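Undergrad: Okay, here's the structure, questions in a sec.
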Amino acid sequence: DGGITQSPKYLFRKEGQNVTLSCEQNLNHDAMYWYRQDPGQGLRLIYYSQIVNDFQKGDIAEGYSVSREKKESFPLTVTSAQKNPTAFYLCASSTKGYCFGEAFFGQGTRLTVV
Amino acid sequence: AQSVTQLGSHVSVSEGALVLLRCNYSSSVPPYLFWYVQYPNQGLQLLLKYTSAATLVKGINGFEAEFKKSETSFHLTKPSAHMSDAAEYFCAVVPPGTDKLIFGTGTRLQVFP
Chain A
2 DGGITQSPKY LFRKEGQNVT LSCEQNLNHD AMYWYRQDPG QGLRLIYYSQ
52 IVNDFQKGDI AEGYSVSREK KESFPLTVTS AQKNPTAFYL CASSTKGYCF
102 GEAFFGQGTR LTVV
Chain B
141 AQSVTQLGSH VSVSEGALVL LRCNYSSSVP PYLFWYVQYP NQGLQLLLKY
191 TSAATLVKGI NGFEAEFKKS ETSFHLTKPS AHMSDAAEYF CAVVPPGTDK
241 LIFGTGTRLQ VFP
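Chains A and B, in that order, give the protein sequences.
For the first sequence, this note's numbering gives the first residue as 2, with consecutive numbering after it.
For the second sequence, this note's numbering gives the first residue as 141, with consecutive numbering after it.
Right, here's the structure in full:
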């Protein structure tokens, strides 16, 4: 079945650690996105990528990094510079053209700082 | 910057009543507009989209939305609420000339028996 997979579902991070969230899609989509979701704030765009080896900062990129070495994969690293990383992280992918914006979402990763 | 505003962070209706969730966008040029639904601890699922083909858009689960350029609105409606409609609903926009998908702050819908 085609879809988008995020792992792990739950992740715990100690202060000062970097952690990487995985996002893989087999939909042959060009565009991939990372969002952060906090209660009452909706989804805020962290990074997005329209093509392999290229990505752009979203509205809240500070303290995060990404790579896009393969079309299928768009991992997100939460660095120690991110001071308040506890949140629900959602990855999405979308095709280009007319259907752009019809994003498919993963099930999310809940990150907690301990 | 282009954005969407969702009026009302919480909406409560009785089962069988009309559902109306409000969304306004800020742009002089109509963007692509979307409604997504999120169930607890899940990702988002597309309900419907507007891409300038028709102003009244029908989606899944009996939802529909009407694009009104004069009001810069794209409100989501359903004639008769069902208990299973209880979820969080997000309006989203792709601003003209960009490749970003921007979301509103969401509206949580509660349905009472």
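Note that the Cβ used here is the ideal one computed from N, Cα and C, for glycine as well.
These numbers were taken from a predicted model, which means no experiment stands behind them.
Restricting to Cα atoms, I'd like to know which of B/152, B/243, B/252, B/153 is closest to residue 173 of chain B.
TA: B/243
Undergrad: Can you have a look at residue 291 of chain B and say buried or exposed, based on whether 16 or more other CB atoms are within 10 angstroms of its CB?
TA: Here chain B covers residues 141 to 253 and nothing more, so residue 291 of chain B does not appear.
Undergrad: Taking a contact to mean a Cβ-Cβ separation below 8 Å, would you say residue 202 of chain B touches residue 106 of chain A in this structure?
TA: no
Undergrad: So with CB distances below 8 Å, who are the chain B contacts of residue 3 of chain A?
TA: Chain-order list of chain B residues neighbouring residue 3 of chain A: empty, with the shortest C-beta distance near 14 Å, by a criterion of under 8 Å.
Undergrad: Could you say which of B/164, B/143, B/154, B/155 lies nearest to residue 216 of chain B if we only look at CA atoms?
TA: B/164
Undergrad: Could you name the residues of the region 80 to 112 of chain A whose beta carbon sits closer than 9 Å to any beta carbon of chain B, in the order they occur along the chain?
TA: When CB distances to chain B are screened at a threshold of 9 Å, the residues of the region 80 to 112 of chain A falling below it are 89, 91, 92, 93, 95, 97, 99, 100, 101, 102, 103, 104, 105, 106, 107, 108, 109, 111, in chain order.
Undergrad: By the three-class DSSP mapping on this structure, what secondary structure does residue 73 of chain A have?
TA: coil
Undergrad: Name, in chain order, the residues that DSSP records as bridge partners for residue 43 of chain A.
TA: Bridge partners of residue 43 of chain A: A/39.
Undergrad: Looking at the strands, I want to know which residues DSSP matches up with residue 5 of chain A.
TA: A/26
Undergrad: Which word fits residue 150 of chain B, buried or exposed, when buried means at least 16 other C-beta atoms lie within 10 angstroms of its C-beta?
TA: exposed
Undergrad: Sort out for me which residues DSSP pairs residue 55 of chain A with in a bridge.
TA: For residue 55 of chain A, which the question treats as bridged, DSSP gives the partners A/52.
Undergrad: Name, going along the chain, the residues of the region 238 to 250 of chain B whose beta-carbon falls closer than 9 Å to a beta-carbon of chain A.
TA: 239, 240, 241, 242, 243, 244, 245, 246
Undergrad: Who are the neighbours of residue 199 of chain B on chain A, taking C-beta pairs under 7 Å?
TA: Correct list: empty, because the minimum Cβ distance to chain A is about 12 Å.
Undergrad: Looking only at DSSP bridge pairs, what is residue 194 of chain B linked to?
TA: Partner(s): none; residue 194 of chain B has no beta bridge.
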